[in-house]
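Colleague: The structure under discussion is supplied below as structure tokens; questions concerning it will follow.
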Amino acid sequence: MPSHMATEHNSAEGSQRCHDCVDHACASCTFCCEHGIHTDSDISTVIHLDSEGYFFVKLEGQEIKIQADTGAQTSLINRRLLMDVPEFNMNSIQPPETTFYSVDNKRLDVIGIVQLMISIHDRLFYVDFHVIQSDNYVCILGLPFLQRYKIAICP
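The sequence shown begins at -15 in our numbering and counts up one residue at a time.
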């Protein structure tokens, strides 16, 4: 398995390779096969997951473990995690717009929406996270974020 740190592989020619890929962009990776990503220009960043399905990012400058979930229709962050982020103002959370359900069809307790900065491979992204009150989830990057920024996931 890959190490716990996410890594991006770029050759001098600009080809991005990952996991078991040889001369093309992630043709053997689950995310790429499911979403029709087949050329180098289709991918901007490649992340490698650890054995538990996580990778590391910097959230507002603080390193955290995060999941990438191609089945999630939004990005989620646990309220407890936000409280550990230095200088985060809970008043910046906007009221929720919709209701979300977990994979086992249980309603998620959504507190609101907040935009946060994350860094993946020193690239900065602003992510709209739905803040939840839950013991089951810490931080998840959902499919819309992954597709918008052309992020490929490799096991």
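Cβ coordinates follow ideal geometry from the N, Cα and C atoms, glycine included.
With a 10 Å radius around its C-beta and 16 neighbouring C-beta atoms as the bar for buried, classify Thr215 as buried or exposed.
Modeller: A question about residue 215 goes unanswered here, because the residues of the chain that appear run from -15 up to 139.
Colleague: If you check the beta carbons only, do Ile48 and Cys123 fall under 8 Å apart?
Modeller: Translated into positions along the sequence shown, residue 48 becomes position 64. Translated into positions along the sequence shown, residue 123 becomes position 139. Cβ atoms of Ile48 and Cys123: closer than 8 Å.
Colleague: Would you kindly check if the distance between the Cβ of Ala52 and the Cβ of Ile137 is under 8 Å?
Modeller: Here residue 137 refers to the residue found at position 153 of the sequence shown. Here residue 52 refers to the residue found at position 68 of the sequence shown. Yes; because the gap between Cβ atoms is below 8 Å, this pair is in contact.
Colleague: Under 8 Å, do Leu33 and Pro139 count as touching if we go by C-beta distance?
Modeller: Within the sequence shown, residue 33 is the residue found at index 49, counting from 1. Within the sequence shown, residue 139 is the residue found at index 155, counting from 1. Going by C-beta atoms, Leu33 is nearer than 8 Å to Pro139.
Colleague: Take Asn73 as the anchor and find which of Phe109, His105, Tyr121, Glu44 has the nearest alpha-carbon.
Modeller: Here residue 73 corresponds to residue number 89 of the sequence shown, with the count starting at 1. Per the Cα distances, Glu44.
Colleague: Check the C-beta distance from Asp93 over to Ile116 and give it rounded, since I have them as a contact under 8 Å.
Modeller: The residue labelled residue 93 in the question sits at position 109 within the sequence shown. The residue labelled residue 116 in the question sits at position 132 within the sequence shown. Asp93 to Ile116, Cβ: 6 Å. Contact.
Colleague: To the nearest angstrom, how far is it from the Cα of Asp180 to the Cα of Ser59?
Modeller: With the chain represented from -15 up to 139, any question about residue 180 goes unanswered, as that position is not in the structure.
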